[in-house]
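Everything below concerns the one structure shown next.
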Amino acid sequence: MRFNDGFWLLKNGVKPFYGLQAVQVTQDDSGYDLQVSTKPIRHRGDTLGGPVLSIRIHSPTKDVIGVNIEHFAALDPHPSIKLFPDDPPIPDVQLSKDGTNYVISSGDLTAEITENPYSITFKSPDRVLTFAGPRHQALFDVPSHWTNLSASNSSCLTHDTSSNPRPEPLPTFVRYINSELNISPGELIYGLGEQFGAFVKNGQSVKVWNQDGGTSSEQAYKCVPFYITNRNYGVFINHPGEVEVEVGAEKVSRVGVSVADKSLEYFIIYGKTPLEILDKYTRMTGRPAILPSWSYGLWLSTSFLTSYSSETVSGFLEGMQQRECPVRVFHLDCFWMKQYEWCSFTFDPDNFPDPKAYLSEIKRKYNVKICVWINPYISQLSPIFKEAVKGGYLIKRKDGSPWQWDLWQPGLAVVDMTNPEARKWYADKLSALIDLGVDAFKTDFAERIPHANVVFHDGSDPYRVHNTYSVIYNDLVFNLIRERFGEGEAIVFARSSTVGGQRRVLRECRPRASDKLLARFPVHWGGDCESTYEAMAEAMRGLLSLTASGFGYASHDIGGFEGHPPPEIYQRWVAFGIFSSHSRLHGSSSYRVPWNYGEEAAKNMSVWLDAKHRLMPYIYNLSIQARSKGHPIQRAMFIEFPEDRTAQYLDRQYMIGPSLLVAPVFVPLGEEHEYYLPSGKWTNFWNPSRVIEGPTWVKEHVPINEIPVWVREGSVLLLGPGGVGKPDYDYSKDLEVRVYGFDAAGKESVEVDVPAGKGVEVVGRIRVGKGEKVEVVSGSVGIAGQAFFG
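Residue numbering for the sequence shown is 1 to 790, as defined by the UniProt record's numbering.
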C-alpha cells in the first residue's frame, strides 16, 4: 500500500501515527517488550489518548530476530502460520545495553534499539544489514474505498476515527500497520514467491495475494511473504493474509510492508550465503518433502480443451514408447469428467466406460502412474452439488446461502476446507478415484477464494484464509495419497500455494484449519503461459523466484499452455522442461506429443530424457538436501555464486544443484545465444573435450538438438546406465563416476553419497582422490566406469 504523495507529503485522506518514542522497555529471557508512542511524550498529560504500538523484539532461534508490531490486541487470530513444524528452534539469545541502547544478539545477528527517537538497526559481525529508522513503523488510516477491503465485512479493520462515535454514518477508514526497512546502495531483493516480472524485485509493488492471472501480469498463483537480499539476510513476514510490499517503489531506499490487521510481525534471518539463509528460513516454515523417484520422469497430459478418449490416451502412450520417449506419469486433464460437471469426480462414461479396467491396462502395459485433474470448486450442474449444499460443505454468504458465481463452471461454489466434515467428504470422493487406479492429483485453482461478505465454518478471518486456503486444500489431498500409498510415495501437482506450501507432512489437519497449516506437498507448476519465447522466460523467472522463496521443486507447462507453439519453440521448451526438477508436457487446445512438431522433436526429446534418467543419482541426492536443508534443486545463479556481481542479475539460466549450469535458449534459430559462466573451469556435459575458463560470457549459435549444460570444476557426478527408460531404478548398480576439474579445484578428496531412491536412505559412498583414484568406501555399489575431465 502506498500512503505517500512523493517523499514528503501524504496522500489526501491519509492519517499517520508514526512510532516515535519508546516510553517503556521491559525484558524477559528471549527479548524486549516496548511501548512506542505515536506522539512526543513531554509530560504525563501527553500519555492520554492516541495509538500506542506494542512492539516485541525477540529471537526464536539462532541468527533470527523478530519484530512484532501490535496495535489492538490480536487474540487467537486464525488461520496463522505454523512455525518450526519439522525442526525445533535453536535458542541463542543475549540481551545487554550499550550506553542508552538496548541490544539483542542471536548467533551472528544483532539488533540495536534506541528509545528516542525509536529505531532498530540490524547488524552482522562486519556491517549494518538494514535498519528501521525513526518513523519507519507506523499506523495509517486510509479511506476504505481505496482498498479491496469491504466495509460491510466484519473481518476488516474498518472503523470510525472520530473522538465521539455516533450512530449516524461517518467516513469509514481502514487502518494499516506499516513497517519499512532500509535498502542500501547496491542491495538487491529477490523472492516473494512465484513472481513473473523482473527477477530483481527492486522498484516493484508486490501483493502477497494469490490470484489466477496467468504468467504475463503482476498477479501470481503462489505468493510468499519472504524475500532474500544480496546483503546476507532474508525477511520473513509472518502474516497469512494480504501483505503489500513496496520494494523501493514508494520510497526508493526502503522496503515498505503493510497489512490491514491488528498486528504485523517480521523476522530478519542472517546467513553468510543465500543457501544458509534458506536453510534457516525453511527451519522456521518447513522443509520440502522427499518425492517419489518416479515423479522425476516425463509427465504427459491430454491437454485441456482437446478431444480425448481411452483410444486417444492409448495412442499417445504407444507413440511415446515407440519413439523412446517413455512416459512415467500420464495426466488426464479436466474433460475426464463430463462438461459442466466439474467437479463430479466421476469419469465420463461416454469416453471411459470402464475406467478401473482401462487404467489397470495402461498402467500394466506402459508402466505409467495416473494423475487426474481436480479443483475445490463444485458446479451447480454437478450431480454432487445438492449433496454438498445439504451437508453444509460449501463456503457460505453471510445470509447462509452458498457463495456462487459463474466463472469456470455454471453456478460454481467452493468447498469450505475449514470444515472437517467437508474435508472428509471431499477426501472420500478422491479415495474412490484411488480405488479405480489413480496415483496422484493435479490440484488446480484455489487462488480466487472469496473473501468479502462470506463466512467460513471455523470462524476464520476470510482475508487470512484467502492465501492459506491453498495450503489446507493441498494438504488434504497430499495426506490422503500418503495414507493410501505410504510415506515417500505421495505427490500432488499443485498450482496455488503460499508460505508453508513446501513442507512435508507430519500429521493430518485437525478440525479447525487454523490449528494446523502443516501441509508439505510438492510439486508446484507455473500456471497458464503463452506459447512464446517471452512466456518461456516468464516461466523461468517465476520458477527461480519461487525456489528463492523456500520451495524445493518447480515445474511449468512445456511448450506453453495457450496456443500452439511453433516446432522451434516447442523443442527449446522441451529442453528447458526436461532440465527442470519436474517435466510435464501440457497445453490448452493442442496436444504436446512430440511428433506433432516433427519426428526430429521426438528424437531430441529422447536424448534429453535419457540424460535426465542417467542424472537421477545426482538429482535424487539434491532432493535429500532439499529435505534436510531447504536447498532448492533449481537455483538462481546468485544463490550459488553470491560473490559474483554479474550472477546477481541473471534470470535466463540457472544451476541444478551446485554442479550443473543450464542455459536454455530464448532466441530464434540463426541468432546468437548468450549466457554467462562464472569463475573457474567449466566442462561441457555433452562434449567433455570442450572446456571454458570463466568468468566469461559465451555467445554461440546453438543447434535445435542442443541445450547448453556445463559442469563446474571440482564436481563429481554419479550417472546411471543409459537406456534405462525411467527415473526410478537401482542407483547403486552400473554407475559411471565422472570427475570434473578435480585437481584444478585444489581438493584432496571428495566423498559422494549413493542414494537408495527411497526416502533419505543412502546405500553407499564413493570417494574420489587425487591421481584419478575412485573407490567405494561403504555399501554395495557397482561402478561400471569412471572418467576424469577438465
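By construction, the Cβ of each residue, glycine as well, lies at the ideal position given by its N, Cα and C atoms.
Computed from a prediction, not measured in an experiment: that's the story for all the values here.
Three-state class that DSSP yields for residue i in the structure shown
{"i": "H78", "result": "coil"}
{"i": "H145", "result": "helix"}
{"i": "R231", "result": "coil"}
{"i": "E508", "result": "Unreliable placement is indicated for E508, whose pLDDT of 36 sits below 50; the coordinate value is still reported in the next sentence. DSSP places E508 in coil when its eight states are reduced to three."}
{"i": "residue 795", "result": "An answer regarding residue 795 cannot be provided, because it is not within the stretch 1 to 790 covered by the chain."}
{"i": "A601", "result": "helix"}
{"i": "Q571", "result": "helix"}
{"i": "N621", "result": "helix"}
{"i": "L412", "result": "strand"}
{"i": "A132", "result": "strand"}
{"i": "N238", "result": "coil"}
{"i": "Y18", "result": "strand"}
{"i": "P274", "result": "helix"}
{"i": "N596", "result": "helix"}
{"i": "A611", "result": "helix"}
{"i": "T285", "result": "helix"}
{"i": "P755", "result": "strand"}
{"i": "A636", "result": "coil"}
{"i": "D734", "result": "coil"}
{"i": "F140", "result": "strand"}
{"i": "T312", "result": "helix"}
Inter-residue Cα distance where the pair is residue i and residue j
{"i": "F267", "j": "W686", "result": "44 Å"}
{"i": "V754", "j": "V781", "result": "8 Å"}
{"i": "V206", "j": "D5", "result": "19 Å"}
{"i": "V259", "j": "F330", "result": "42 Å"}
{"i": "P632", "j": "Y553", "result": "6 Å"}
{"i": "I228", "j": "I384", "result": "45 Å"}
{"i": "G785", "j": "N604", "result": "25 Å"}
{"i": "I558", "j": "V174", "result": "43 Å"}
{"i": "P225", "j": "S217", "result": "19 Å"}
{"i": "I639", "j": "P274", "result": "5 Å"}
{"i": "P240", "j": "N467", "result": "7 Å"}
{"i": "E508", "j": "Y676", "result": "For E508, the pLDDT reaches just 36, beneath the cut-off of 50, and the residue's location in the model is therefore unreliable, leaving the point undetermined."}
{"i": "H701", "j": "E600", "result": "18 Å"}
{"i": "L83", "j": "R464", "result": "16 Å"}
{"i": "G722", "j": "H613", "result": "8 Å"}
{"i": "G256", "j": "S179", "result": "6 Å"}
{"i": "W405", "j": "R448", "result": "11 Å"}
{"i": "Y270", "j": "L75", "result": "30 Å"}
{"i": "V67", "j": "I120", "result": "9 Å"}
Local Cβ density within 10 Å of residue i, reported as buried at 16 or more and exposed below that
{"i": "T696", "result": "exposed"}
{"i": "A548", "result": "buried"}
{"i": "V777", "result": "exposed"}
{"i": "P353", "result": "exposed"}
{"i": "G699", "result": "Note on identity: in this sequence residue 699 is Lys, with Gly being the wrong assignment. Exposed, since its Cβ has fewer than 16 Cβ neighbours within 10 Å."}
{"i": "R42", "result": "exposed"}
{"i": "P326", "result": "buried"}
{"i": "F7", "result": "exposed"}
{"i": "H145", "result": "exposed"}
{"i": "Y649", "result": "exposed"}
{"i": "T418", "result": "buried"}
{"i": "N479", "result": "buried"}
{"i": "P185", "result": "exposed"}
{"i": "T26", "result": "exposed"}
{"i": "E265", "result": "buried"}
{"i": "V252", "result": "exposed"}
Integer-rounded CB distance, given that residue j should sit under 8 Å from residue i
{"i": "H582", "j": "V523", "result": "5 Å"}
{"i": "L332", "j": "V372", "result": "5 Å"}
{"i": "T38", "j": "F17", "result": "4 Å"}
{"i": "Y118", "j": "P134", "result": "7 Å"}
{"i": "T215", "j": "D528", "result": "7 Å"}
{"i": "I104", "j": "K62", "result": "I104 to K62, Cβ: 13 Å. No contact."}
{"i": "V739", "j": "V716", "result": "5 Å"}
{"i": "T130", "j": "G550", "result": "No, T130 and G550 are not in contact; Cβ-Cβ is about 20 Å, not under 8 Å."}
{"i": "P727", "j": "R328", "result": "6 Å"}
{"i": "I57", "j": "Y32", "result": "5 Å"}
{"i": "K123", "j": "E112", "result": "7 Å"}
Residue i Cβ short of 7 Å to the ligand ATP heavy atom set
{"i": "A388", "result": "Among the components modelled here there is no ligand, and therefore nothing to report on the ligand ATP."}
Where are the beta strand (DSSP E) runs, 3 residues long or more, that stay fully inside the region 424-487, in chain order?
-> Annotation note: the region 424-487 contains the following uninterrupted beta strand (DSSP E) runs of length 3 or greater, listed N- to C-terminal: 440-443.
Which parts of the region 184-236 are runs of the beta strand (DSSP E), unbroken and 3 residues or longer, counting only runs that do not cross its ends?
-> Taking only runs of at least 3 residues, the beta strand (DSSP E) segments lying wholly in the region 184-236 are 189-193, 204-208 and 223-229.
Scan the region 661-730 and note each continuous beta strand (DSSP E) run of 3 residues or more that stays entirely inside, going in chain order.
-> Complete beta strand (DSSP E) runs here, min 3: 673-684, 691-700, 709-712 and 715-719.
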